[in-house]
Amino acid sequence: MQRPLVMAVVAFIFGIILAQRVNLSLGLVALLAVMFLLAVVAGYRRGWRFTTWLILGCFLAVGLFWATMAVERNRSALGDWLQTHLVLTGVVAEEPQVYANRVAYTLRAQEVRQESRYRELNEKVQVVVYAPRTFSQKGAGGRQERGSEDLSGERRPLPGGDGDRELTPWGAPLYRYGDVLQVQGQLELPSTRRNPGEFDYRSYLARRGIFTRMQVDNPGSLQRVGRRLGNPVVAVSLAAKSRVVALVDRALPAEQAGVLLALLFGDKERLEKGEVERFRALGVMHVFAVSGLHVGFLLFFMMEVAGLARLSKRATGALVLAGLVFYAGATGFTASVVRAALMAALGIGAYLWDRDRDFYTALALAAMVLLLVNPFALFDTGFQLSFVATWGLVYLYPLLGGLLAFLPAWRRYLVVPLAAQVALLPLTAYYFNQISLAALAANLSIVPVVGVVVVLGLVVVMLVIFLPPVAAILVQGVGAIVQVLLAGTQFMADFPGIALPVRTPHPWETLSYYTFLVIAREVWQRRSDPWWQTFFQRRRYLLAGVAAAWIMALSLVPYMGQRDILQVTFLDVGQGSAVYIRTPGGRDLLVDGGGRPVTGGSGFDVGEDIVVPYLIRRGVKKLDVVLSSHPDTDHLQGLFAVLRQIPATMVVTPPPEYFNGGYQEFLDLASLRRARHVVARRGNTITLGREAVLEVLAPAVDFSGTRSDDNNGSLVVKLTYRGTSFLLTGDVELEGMEDMLELGHGLQSTVLAVPHHGSRYGLHGEFLAAVAPSAAVIQVGEGNSFGHPAPDIIRYWEERGVPVYRTDSHGAITFWSDGQKWWAETVIRE
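Per the working numbering, the sequence shown starts with residue 10, numbered consecutively.
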């Protein structure tokens, strides 16, 4: 078997993936692994021809066992302590993440206490400490959206003689790795994915062994009660890094300091939102993920130092290995830097012992080490991007270099970033829904500057330990180079259309893409083989046809059976409403866009951060209809971001008597974006093709003197597709429902969006009986302050046996229908 370790690691990875797809007991999986092991031994003894396959099966079973055991081992011991006020004592296990209005600590919890209850444990817990007066700021529907992900404040020494202590941007003590902390608060589960395709923070933390978190709004609830050394390598690395961070923060403006520290140590929380978007649009966000690029610069720097010091081969190897360990510790031992450091260490080993080094074996070994430590690192974005990019650099270089052979010798500088971009294309589309059209030019111009910054930054790291005054002077020069880098990225990012938004690719499309890459590369590699030339000449058309048919079949699999299906998705936008519709004819509609009922300084925008990303993931290039039911903020505000970023053919609103200042601003934006404005009343219809029709049922009269004229004037629409219908009611209240009773049987619908988020003002028995739905949906914010949904509303539907879907409990709810049958899927499954 060629490169046996590579094949074994691939089988091990498939075992981990299988563990995520099936639910088998640990005993059964262990038995399976032992059976494969015994089969391998028997195969070797008896000389079976298929022993190689048994070995691969054994590694697959071991991967399955290892991942299953990790699941069993990582179960939280704090499940019965959730939603209770307690006192927790633990050691800071990682470098804290400092943001503008909060600090996130990872504690290795040692004990918890609650009155007479007490438990010793050894489990990671995330503790988030918020700056005063920000904890009460709520995002949409009760979400705690407490600030942008940038750090604008300086870290300052704590006055009073303790020079090693630092302060947060708002002046509270900042604790460090090894500090023993005691904190009072309430344990809760981390937030999870609430809309299709969103980032799942709970799963992300679980892969790091963190299953619970505590939010603290009073810094006084957290105090240091002791100190432990912890891992000496990590402690020394972080202590040295802390000195560098303090120097950089003192010497440079916040923007330059944030970028420099992100480039050196991967501290992306120091970046402002605009900087992240700019670097991502240019396709160079990878420069902040400390990986092979940075380790390469580190190797260059360490080898130069060793050369200047005239160190022996072994002393050089020892210096480089020590530098790799220090750097990995300072960056938090992330998957990308550990992968790069392991491969570099293998290269140093080959250099010391004069051995040949096989790239693919080294890459497989690095992956195996990381997966043995944490098998679920396989599902982390950083792990996947790092390994796939590294694989692409070497595997695709011959193919791309050959295809670009007509270019001069400098083409090799073009091929390297091109190979990485080509290898990462599906993953970039999947995780970021964006492809940079300027990635090649940006990498060619920006990466060399980054190299200079990183190398000089490493010099600063060394000087800050031995010659702090010199380091303080040098860091000013590095800051100037960083400013040039920022100016360059700003200039390039200002060009229109450099970032292309793309939908989330289907797994079958990703498989098709990599199948094509492998076929193209292998054919290219064998083009000079006489046997292959003869075989290809005779069957080239057949081979091309089979390859094209295979790739096309894989690409079309996701779309099979979807032609005649209606999709209606009730998005979870907190305490608000947003409904996305895709008709069988391929029309895209959006009814309302959610919004923030309470303003705050968090920078969170429902339209920008929830609705628009969802539409991009769905591949919506243009909205055929944007319908605004009424001008309330929790329905209208998100539509501003939608119109700014996604073209719309038609904007539909209620009559002008229900307009307000916000509505006029919305209509001005619609006019600027060249969307046709349509005022709708009862009796209007919009034909959507393929037997799908949108009917306007209200308003028919002008309301005046009701509890809320705006709510009663909501556009109420009925979407009908063959024998299935959806009634979307906005915030209509009792008077509005009373007016619609004259429609009689025309109100009957399969699915009802319960009026006004389940408010008690939406309980009109005669109206609801006329609708007689098979399912009810309540779009409501988790923990909202309005008391929605009202208990009487829930009781009404329970008494009639109608299933109720709630966005606060289920997340987004998607209904599909073929026109006769319907079925639903929720993001959060009970």
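Idealized CB from N, CA, C, for every residue including glycine.
{"Asked": "In angstroms with no decimal places, state the Cα-to-Cα distance between Asp677 and Trp517.", "Found": "42 Å"}
{"Asked": "Using a Cβ-Cβ cutoff of less than 7 Å, which residues in the same chain neighbour Phe212 once the five nearest sequence positions on both sides are dropped?", "Found": "The sequence given here places Ser at residue 212; Phe does not occur at that position. Taken in chain order, the list of residues that qualify is empty."}
{"Asked": "Which runs of the alpha helix (DSSP H), 4 residues or longer, sit entirely within the stretch 41–82?", "Found": "60–82"}
{"Asked": "Grab the span of the alpha helix (DSSP H) containing Glu129 for me, first residue to last.", "Found": "No alpha helix (DSSP H) holds Glu129; the beta strand (DSSP E) holding it covers 126–139."}
{"Asked": "Taking the beta carbon of Val710 as the centre, do at least 16 other beta carbons fall within 10 Å, making it buried, or is it exposed?", "Found": "exposed"}
{"Asked": "State yes or no: is the C-beta of Val134 within less than 9 Å of the C-beta of Leu272?", "Found": "no"}
{"Asked": "Around the Cβ of Gly722, are there at least 16 other Cβ atoms within 10 angstroms (buried) or fewer (exposed)?", "Found": "buried"}
{"Asked": "Going by DSSP, what residues sit across from Leu728 in a beta bridge?", "Found": "Leu703, Phe735"}
{"Asked": "In whole angstroms, give me the CA-to-CA distance for Val71 and Pro407.", "Found": "34 Å"}
{"Asked": "Here's the rule: buried if 16 or more other CB atoms are within 10 angstroms of the residue's CB, otherwise exposed. What is Gln92?", "Found": "exposed"}
{"Asked": "By how many angstroms is the C-alpha of Pro798 removed from the C-alpha of Val660?", "Found": "29 Å"}
{"Asked": "Could you tell me how far apart the beta carbons of Gly616 and Phe649 are, in whole angstroms, since I believe they sit closer than 8 Å?", "Found": "6 Å"}
{"Asked": "My parser needs the beta strand (DSSP E) runs of 3 or more residues fully inside the stretch 239–306; what are they?", "Found": "none"}
{"Asked": "Kindly indicate which residue of Thr77, Leu416, Ala833 has the alpha-carbon position closest to the one of Ile26.", "Found": "Thr77"}
{"Asked": "Can you give me the C-alpha to C-alpha distance between Gln224 and Gly554, rounded to a whole angstrom?", "Found": "59 Å"}
{"Asked": "In its own chain, which residues sit with a C-beta less than 6 Å from the C-beta of Tyr672, not counting the 5 before and 5 after it?", "Found": "Pro640"}
{"Asked": "Could you please give the first and the last residue of the uninterrupted alpha helix (DSSP H) stretch that includes Ser521?", "Found": "516–534"}
{"Asked": "Please state whether the Cβ-Cβ distance between Ala290 and Ala447 is less than 9 Å.", "Found": "yes"}
{"Asked": "Mind listing, in chain order, the continuous beta strand (DSSP E) runs of no fewer than 3 residues lying wholly within the stretch 102–126?", "Found": "111–123"}
{"Asked": "When you compare the CB positions of Ser345 and Val299, do they come within less than 9 Å of one another, or not?", "Found": "yes"}
{"Asked": "What is the DSSP secondary structure of Trp419, counted as helix, strand or coil?", "Found": "coil"}
{"Asked": "When you compare each of Gly486, Leu196, Leu434, His765 to Leu893 by their alpha carbons, which one comes out closest?", "Found": "Limits of the chain in this structure are 10 at one end and 839 at the other, which puts residue 893 out of reach."}
{"Asked": "In this structure, what does DSSP give as the bridge partners for His754?", "Found": "Bridge partners of His754: none, in fact."}
{"Asked": "Give me the Cα-Cα distance between Ser537 and Val431, rounded to the nearest whole angstrom.", "Found": "24 Å"}
{"Asked": "Skipping 5 residues on each side, what residues in its chain have a beta carbon closer than 6 Å to that of Leu97?", "Found": "Ala118, Val121, Val192"}
{"Asked": "When we look at the beta-carbon of Ile619 and count the other beta-carbons within 10 Å, is it buried (16 or more) or exposed?", "Found": "buried"}
{"Asked": "To the nearest angstrom, how far is the alpha carbon of Leu95 from that of Gly88?", "Found": "13 Å"}
{"Asked": "Rounded to the nearest angstrom, how far is the Cβ of Ala684 from that of Thr658, given a contact under 8 Å?", "Found": "7 Å"}
{"Asked": "According to DSSP, is Ser713 helix, strand or coil?", "Found": "coil"}
{"Asked": "If you draw a straight line from the C-alpha of Leu247 to the C-alpha of Ala339, how long is it?", "Found": "5 Å"}
{"Asked": "Using DSSP's beta-bridge definition, name the partner residues of Ile695.", "Found": "Leu703"}
{"Asked": "Could you check if Pro262 is buried or exposed, using at least 16 other CB atoms within 10 Å of its CB as the buried criterion?", "Found": "exposed"}
{"Asked": "Report yes if the C-beta distance between Val487 and Leu465 is below 9 Å; otherwise report no.", "Found": "yes"}
{"Asked": "Measure from the alpha carbon of Lys250 to the alpha carbon of each residue in Val725, Arg809, Phe335, Trp362, then state which is nearest.", "Found": "Phe335"}
{"Asked": "I need the straight-line Cα distance from Val15 to Leu427, nearest angstrom please.", "Found": "25 Å"}
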